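Enquirer:
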Amino acid sequence: MLFCDTASGKAEAFDDLAVFISQLHAAGIAARTGYASVPGGIGRNHQFDIAPFLGPDSLAAGESLVLLGAHELEDSKLIALRRIGADASTPATAIGRFATPQARIGTTAKLSYVLGQDPAILALPERPDTTPTRAPVFGVASPRTARDRPVVLLIAPDLSDPHEARSLLSLAVARAYRVLVLTDGKSKQAWHAAHGTDIAIFHYAEAFPATLAAGVDVCATFAKPSKNYRMHSLLANLAAQGCALIDATKGHQHATTQDAFIAGPRDIGALGPYLTGQILPVLDAIGAEVRASGFAKATDRRQVLAPLLAPPAAPAQAKTGEHSPIPDLGDTPARVVFVPTNGIGLGHAQRTSLIASALDPEAAAPVFAAFPSCMQMLHNYGFDAMPLVSRSPLHAQEHENDLVNYARLRALTRGAKALVFDGGYVFDSIIRSIQDNSLNGVWIRRGLWQGSQDNSIALDREKVFRRVVIPLEAFEELNQRYSRGSHLREVGPIVQRTALSEEARASLRAQIAARTGMEFEHLVVTMLGGGVAADRKAQLAAICAMMDRRPHTLNLIVVWPTATVEAGCFAWANTRVVKTHHASALVAAADLFISATGYNSFHEAIYNQVPSIFIPQMAAMMDDQRARAMAAVERGCAAIVEPHEMLTLHHLVGAYLDGGQADEIRANLAALTLPEPGTAQAARIIEEMAQ
Amino acid sequence: MPSPRLRLALLLDPRFSGGTASAVAREIRALAPHTDLSVYGLETQMFKDRTLNPHIQSALLDTGLDLVWNPPMVRAEVVAVHNNAALKFNTTLSTRIMCDRLFVVTHENFLRPGGAPGFDVDTTIALLEQASLCRARFLAPVSPYNRQGVQVWLAQSRRRWALAPFDWVNICDFTPQPPTDTPRDRRGRLSRPGFEKFPPLADLHRQFPPHAEVHILGGDALLRDPATLPGHWNVLPFGAMDVDAFLQQIDFFLYYTHPQWRESFGRVIAEAIAAGKIVITDPGTAQTFGPAVVADEGPGIEATIARFIADPSAYAAFVRQAQAHMAQFSAEAFAAHLLPHLHQSRTADHALL
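Line by line, the protein sequences are chains A and B. All residue numbers for the first sequence refer to numbering that gives the first Met the number 0, where the first residue is 0 and numbers rise by one. All residue numbers for the second sequence refer to numbering that gives the first Met the number 0, where the first residue is 0 and numbers rise by one.
(1) In chain B, which residues lie less than 8 Å from THR107 (chain A) when you measure between Cβ atoms?
(2) Against GLY115 (chain A), what residues of chain D qualify as contacts under a CB-to-CB distance less than 7 Å, listed in chain order?
(3) So, helix, strand or coil for SER611 (chain A), using DSSP?
(4) Taking only the alpha-carbon atoms, compute the straight-line gap between PRO610 (chain A) and ALA410 (chain A) and give it to the nearest angstrom.
(5) Residues in its own chain within less than 7 Å of LEU200 (chain B) by CB, not counting five upstream and five downstream?
(6) Check this for me: beta carbons of GLY138 (chain A) and ALA238 (chain A), under 8 Å apart or not?
(7) Check the C-beta distance from VAL150 (chain A) over to ASP197 (chain A) and give it rounded, since I have them as a contact under 8 Å.
(8) Report back the beta-carbon spacing between TYR112 (chain A) and GLU195 (chain B) to the nearest angstrom; my notes put them in contact at under 8 Å.
(9) Once you ignore the five residues that flank HIS214 (chain B) on each side, which residues in its own chain have a CB closer than 6 Å to its CB?
(10) Along the chain, which unbroken stretches of the alpha helix (DSSP H) at least 4 residues long are found entirely within the region 641-690 of chain A?
(11) Along chain B, in chain order, which residues have C-beta atoms closer than 8 Å to that of ILE78 (chain A)?
(12) With 8 Å set as the bound, which would you pick, yes or no: does the beta-carbon of PRO314 (chain A) sit closer than that to a beta-carbon of chain B?
(13) For ARG146 (chain B), which of B:ALA330, B:LEU341 and B:THR284 has the nearest alpha-carbon?
(14) Quick one: what's PRO470 (chain A) bridged to in DSSP?
(15) Pull up the distance between the alpha-carbon of LEU162 (chain B) and that of LEU92 (chain B), whole angstroms please.
(16) Okay, do the region 571-587 of chain A and the region 496-503 of chain A touch, 3+ Cβ pairs below 8 Å being the bar?
(17) Determine the extent of the beta strand (DSSP E) in which ALA8 (chain B) is found, giving its start and end residues.
(18) Would you kindly report the start and end of the unbroken alpha helix (DSSP H) that includes PRO386 (chain A)?
(19) What's the C-alpha gap between MET617 (chain A) and TRP448 (chain A)?
(20) Kindly say whether TRP260 (chain B), judged by its beta-carbon, lies nearer than 8 Å to any beta-carbon of chain A.
(21) Closer than 8 Å, CB to CB, is PHE252 (chain B) near chain A or not?
(22) Measuring CB atoms only, is the region 362-373 of chain A touching the region 14-32 of chain A, in the sense that at least three cross pairs come out at less than 8 Å?
(23) With which residues is GLY40 (chain B) paired in a DSSP beta bridge?
(24) First and last residue of the beta strand (DSSP E) that includes GLU212 (chain B)?
(25) Note down, in chain order, all residues in the region 466-494 of chain A with a beta-carbon under 9 Å from any beta-carbon belonging to chain B.
(26) If distances are taken between C-alpha atoms only, which option among B:PHE288, B:LEU338 and B:GLY275 comes closest to MET325 (chain B)?
(27) Closest to VAL467 (chain A) by C-alpha separation, out of A:ILE261, A:ASP459 and A:PHE474, would be which residue?
(28) Looking at the secondary structure, which residues open and close the beta strand (DSSP E) in which PRO208 (chain B) lies?
(29) Per DSSP, which residues does HIS521 (chain A) bridge with? Please list them.
(30) Counting only beta-carbon atoms, is GLU296 (chain B) nearer than 8 Å to chain A?
(31) What does the alpha-carbon distance come out to for the pair THR298 (chain A) and THR130 (chain A)?
(32) Using a Cβ-Cβ distance cut-off of 8 Å, determine whether GLN101 (chain A) contacts chain B.
(33) Should the region 174-194 of chain A be regarded as contacting the region 247-266 of chain A, the criterion being three or more beta carbon pairs within less than 8 Å?
(34) Start and end of the alpha helix (DSSP H) containing TYR255 (chain B)?
(35) In its own chain, which residues sit with a C-beta less than 6 Å from the C-beta of ASN436 (chain A), not counting the 5 before and 5 after it?
(36) Quick check: the Cα distance between LEU67 (chain A) and ARG133 (chain A), rounded to an integer number of angstroms?
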């Protein structure tokens, strides 16, 4: 293992360190840094960059030290190095650009005073202002990710130029290739605001060079040569993979000094015909030339990294009684990791549980990573689940839980084939785990977003997923398309069908009566939602009061086991509180279902033909429950009341239970032609990704 | 007819601080009465933005000598360049040197223990070669240990310089203070704050254990890492206290540098001896001071201190003999030692041409 650090505390030095370690990992070389090496105040992207590579600040047995940017050595770093436990036997290499012999001698001496020995010096070549000075550039050919057509990466095109922007929009619809763009954060934001998220755009710090390069076949760079280590590493990776490297800079500044580059057109408009006419037809031949180029040879990792890597030690003989390493049997069938977010309720977890249950066990082995509130439900379904950490107001930063989750998911998804995420906002931990472990990402993305919501960030993150599975709404007018592309797969509603025969329904009702100690004629199930979006205490109290005035009526307030229930609910004679994951059966047995209009409970009511009165929950982060409820109401299949309309609710309850409206609703539901549920279809899509 | 006075020019960057500057200041005072002395200042890159060392300024005032800054030419019979290491960051030297004999006083060790270069010696020597026109060139070490490194360097180098047959020692003429009658286990060290001046932390902890009263002056790097500081150490940054006052707090001066570095002379040891303390140091550093210090690799420190605490008269006797030994580094001894050598070098066969 290489313990890597920088000789200075500069922000750019830390970025170089993170990239260097990521490149080492991509090359199959274990590397890390220490917690104390992370400067304070680093941004979110850098935190996620370095999180997987952090470890204790002292050297472990057998570790070697690599110091980047040694020519910038600061006293504070010397103090830190003095504490890492290096001694005369610790292999140590200091890398930097030393302008004079004195600079090299002085650095060597200073490091010897804290390391106990002179480090080896790896002096970076002296070139004017266009080569990195802190770390050596080397290329890593990543395993090619599966794709159906070549991917063209444009680096630093001028997105602010209207002509170039129009050309890019035209280029992006080409069927012969897929376009990615790499640019700065501001340009990316401006583009999204103006043109949406149809084109996949990465900003420079969004993904490591090894991750970016893995998905690219052709690169056209509009960025002139610089010292930026991240950029150099990306170009070296592309060369190692045999990507076509097109120089689109003014004066072809790359092609004049590096033989791997082809001088190409400088504007995007001319790039399309150039690609289809001159590059794509001979991509393999170009790739061979690039791999054989002087640039690729100069950045060959075996040559560049040789001074850093000690010869491998002879394999130790296992002593009697020592545990032998666990053999890697491979994943048969392929492991698929499901990650449901926990939204307002457990809808995401329930949906993914249904889909995972529908997987062919010989094609895919599902495991879950989920938040604590979901764990019991998942166990009840028979799934293994790794706990994730929830957000907390006690955390100093709002994404701190996601840093921990990234470390966990990254480890869990190692060796897996696919990661299936169900949620509205794609966490950084999801994106990075998919990228780091070259997974086939599947996003189960329920729609019906509110018009006021800004989902541009979520849609931008769609680019890491190979498939987006869209569970449709039962009623077509509710289905909106938020993105385009061949990676999208619409499936029928994901819904738990609970078909109770008359006998089973009666038996269940009898069990309920016995358990509650209350005989009833009418069974009402009330599920108003988790209360996260809005306080429903008043509505619950009103419903309990209504039910108490009704003879022979049992009202079950059904909540998730982890929910908090208002104490007053326990005081009503005709009301019982039920904490369960098995709400579906209770709803199917009910005469009346009073519910919020979340995706799962709504579709269960519709598909299981349960007469319902909907009280939508509307909050900024939620789906458009009112629209969903109205679609049913307009078909005569439900009723809707607003949260403040308790008198109306009282009237409707009477109409449903005493006035025969429930029977009318049930008949209308039975007459509906509904889409075939999409659970099995979603499972097949995931199985495809697990191959 | 008496020999004409030696025309001697000293060329140095007079902005450097520390013991070397103090020694050169005393040298000016010691040599001025016996030579036609001139002093020239070079503004090197190493001491950029610093000001004239007050000790040197005071010596110039006392001797009535002017300091000529960055002269285009230095002419004398003998030119002594103090501390060629000051040129290690220079790429050019515009001053020209014309003399019969050129001496470069090698205040900084050319090599570190183990043989690695202490600085870019070759560049500094090359600059002086290119800048000088002279009959003979000498490298003048300041101590036996310093001499060893110069010798090895010369053997490896292709440069044609002679090794001076004498050491151009530092003048150490501190006023001796009497030793204490009641030595206690009060130990300390004093140095500039550089990392090279300190041994590894584990060694430092062994040298200054909890049962001792410990004072450290110049522990700037230690103070920046407070987690490594034992509670019983009294640590002050360099310059926070008058040196004399600091030395009054201790009876034993322990001086160990990092094994990867060594003092070329160790003037601070002379200061401690003059202050009436027993000095314990590593055998390499001890070479310069002979019987005036206790040479020990480290394991014998506790026994040595215990022995002297138990026998105050032995403590006092050791200090007095050490102070007597240091008389060889006085200004008078320096002049008596150096000047004959400089005169003799007139006829020595070290001609370059």
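Glycine included, C-beta positions come from ideal geometry on N, C-alpha and C. Predicted, not measured: the structure shown is a model, and the values here were computed from it.
Expert: For this structure:
(1) ALA115
(2) Reference to chain D is not applicable here, since the protein chains of this structure are A and B.
(3) strand
(4) 46 Å
(5) THR227
(6) yes
(7) Contact doesn't hold; Cβ gap of about 15 Å is too wide.
(8) 5 Å
(9) GLY187, ASN233, GLN248 and ILE249
(10) 645-656, 660-670 and 678-688
(11) ALA220, ARG223 and ASP224
(12) For PRO314 (chain A), the pLDDT reaches just 40, beneath the cut-off of 50, and the residue's location in the model is therefore unreliable, although a value from the coordinates is still provided. For PRO314 (chain A), the answer is no, since every Cβ of chain B falls outside 8 Å of its Cβ.
(13) B:THR284
(14) A:VAL490
(15) 23 Å
(16) yes
(17) 5-11
(18) PRO386 (chain A) -> not in any alpha helix (DSSP H); beta strand (DSSP E) instead, spanning 384-386.
(19) 11 Å
(20) yes
(21) no
(22) no
(23) B:LEU11 and B:TRP68
(24) 212-216
(25) none
(26) B:PHE288
(27) A:ASP459
(28) Taken as a continuous stretch (DSSP letters only), PRO208 (chain B) belongs to no beta strand (DSSP E), as it is neither H nor E.
(29) A:THR552
(30) no
(31) 12 Å
(32) yes
(33) no
(34) Element bounds for TYR255 (chain B): n/a, residue is neither H nor E.
(35) THR412 and ARG413
(36) 5 Å
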